[in-house]
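Visitor: Protein chains in written order, with the UniProt record's numbering: chain Y, 1 to 223; chain B, 1 to 223.
We put the beta carbon where it would ideally sit given N, CA and C, even for glycine.
Handing you this structure, nothing more for now.
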DNA sequence: ACATTTTTTTAGACAAGCCTAAATCATATA
DNA sequence: TATATGATTTAGGCTTGTCTAAAAAAATGT
């Protein structure tokens, strides 16, 4: 996955936001206004982004995002909105001050940083403006994440994170075949000790204890 | 006050750090190694920084910071070290992981951000490596720090920083029970090889070689 | 003290991102 | 439907920060 420059990221996020305003394509001029850059420069950049297959670009017509472009944009927006939460919740900025600062912070790429920040903030679902925060797969789910513990029998979902990232825990997960992104279906629950039987990727049955299930977060599938 | 590009800031911080290692000028090659850039490019940049009167630059001779350059460098270092504190204290990174990330974060300029961050972190005086954090006027708190090597027998102090932050060294320190903030009393010194016997936290005796003692900085207790 | 080696600088090139000015396309209207 | 108007693209140029290759200066060794 090639990495994008701050400028490219800015365009991508801007295009996403403009399109999310309802339309399905954006004009060069609209982008130009939004990124505060002359239309000629925007044309240049659009050519480059089209080259990289992040946008669909037809001259004199308009721009939309490719699937890849959309995913990238959502990752950038995720960083942006998490920083906004940080600025408001922790540093006591007001919600109308944070956009500018978040525009700088969003380009800091270290992936572990974003995950830790997310965790530190308590996995917020919405930014201070009420906009939803995409998950780390670039999914904009309004669907809540819940602990595997809490998933009812018969429900399935995707494993999206773990709270305990000790080597021992990760090794254990690996051994039993559980990984971030895996599909998980809860087959059975034992009231007595809270342990569960899972069906991973429609393939493999796994038993997990209550402790383990309490350290795994799941995004529910529409059931 | 003209604002500097991330690249310029990097050079400035690097030059400050190299000079702080004791010398009073730095060579092009040393800078080149530290910023991971060819010497030719460094020459270009030095010319530019000299133009802006941030460094004193004599061709083929070496570089030092002007008063203004030093102040700028300390502001950058302030940001850098505050972010390091954030990463370790709040996001639970370990102290040897944070430098790279802080190098990105340090270039985010919003001045209010830095002040709020400082406040949020409780106005820390030292970063996770024990290096002092300049105040917002670019002043370093001036309690004297000396090398453990130089501490006389019978004197005690607090370990405030290490010069070598390689994983190997940090692991070694951990093993023998030395850490940033530990109280250390010098029990004995061997003239022959410069090794020392230490008493850590009034609890544990430790032998260290001259090499090790030369990489540890101590703030003396008023004796 | 001179030759060799190392360090540093200069010269020339290139990519990224921006700009202005001019050309081209799309469209709204008379 | 011809044309004026506005949107968009192209052409050409600038700055920043990098590079390689070659020249110049400094340091080193014999």
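If you scan the segment 162-212 of chain Y from start to end, which runs of the alpha helix (DSSP H) of 4 or more residues do you find wholly inside it?
Guide: 167-176
Visitor: If you measure between the beta carbons of residue 80/Y and residue 105/Y, is that distance less than 9 Å?
Guide: yes
Visitor: Could you name the residues of chain B that residue 116/Y contacts, counting a contact when the two beta carbons are closer than 9 Å?
Guide: 87, 90, 91, 92, 93
Visitor: State the Cα-Cα distance for the pair residue 74/Y and residue 134/Y, rounded to the nearest angstrom.
Guide: 6 Å
Visitor: Check whether the Cβ of residue 180/B lies closer than 9 Å to any Cβ atom in chain Y.
Guide: no
Visitor: Using three-state DSSP, classify residue 126/Y as helix, strand or coil.
Guide: Three-state result, residue 126/Y: strand.
Visitor: Listed in chain order, which residues of the segment 96-128 of chain Y have Cβ atoms closer than 9 Å to some Cβ of chain B?
Guide: 97, 100, 101, 104, 105, 107, 108, 109, 110, 112, 113, 116, 117, 119, 120
Visitor: Measure the C-alpha to C-alpha separation of residue 13/B and residue 34/B and round it to an integer number of angstroms.
Guide: 10 Å
Visitor: Just tell me which of 192/Y, 185/Y, 208/Y has its CA closest to the CA of residue 201/Y.
Guide: 185/Y
Visitor: Where does residue 108/B fall in DSSP's three states?
Guide: coil
Visitor: Can you pull the DSSP bridge partners for residue 217/B?
Guide: Residue pairing by DSSP places residue 217/B opposite 147/B, 161/B in a beta bridge.
Visitor: Can you tell me where the beta strand (DSSP E) with residue 65/B in it begins and where it stops?
Guide: 62-65
Visitor: Is the CB-CB distance between residue 87/Y and residue 113/B below 9 Å?
Guide: yes
Visitor: If we ignore side chains and look at the alpha-carbon of each, how far apart do residue 149/B and residue 77/Y end up?
Guide: Cα to Cα, residue 149/B sits roughly 50 Å from residue 77/Y.
Visitor: According to DSSP, simplified to helix, strand and coil, what is residue 156/Y?
Guide: strand
Visitor: Classify residue 77/Y as helix, strand or coil using the three-state DSSP reduction.
Guide: Secondary structure of residue 77/Y (DSSP, three-state): helix.
Visitor: Mind checking which residues open and close the beta strand (DSSP E) that includes residue 135/B?
Guide: Careful: residue 135/B lies outside any beta strand (DSSP E) and carries neither H nor E.
Visitor: For a quick check, are the C-beta atoms of residue 60/Y and residue 25/Y less than 9 Å apart?
Guide: No, they are not a contact pair.
Visitor: Could you pull out every residue in the same chain whose Cβ sits closer than 8 Å to the Cβ of residue 188/B, ignoring the five residues on either side in sequence?
Guide: These residues qualify, in order along the chain: 153, 196, 197.
Visitor: Specify, as a first and last residue, the run of the beta strand (DSSP E) that residue 55/B falls within.
Guide: 55-58
Visitor: Measuring CB to CB, does residue 209/B end up less than 9 Å from residue 191/B?
Guide: no
Visitor: Leaving aside the five residues before and after residue 71/B along the sequence, list all residues of the same chain whose C-beta is less than 7 Å from its C-beta, in chain order.
Guide: If we look at residue 71/B and ignore the five residues flanking it on each side, its Cβ neighbours are 138.
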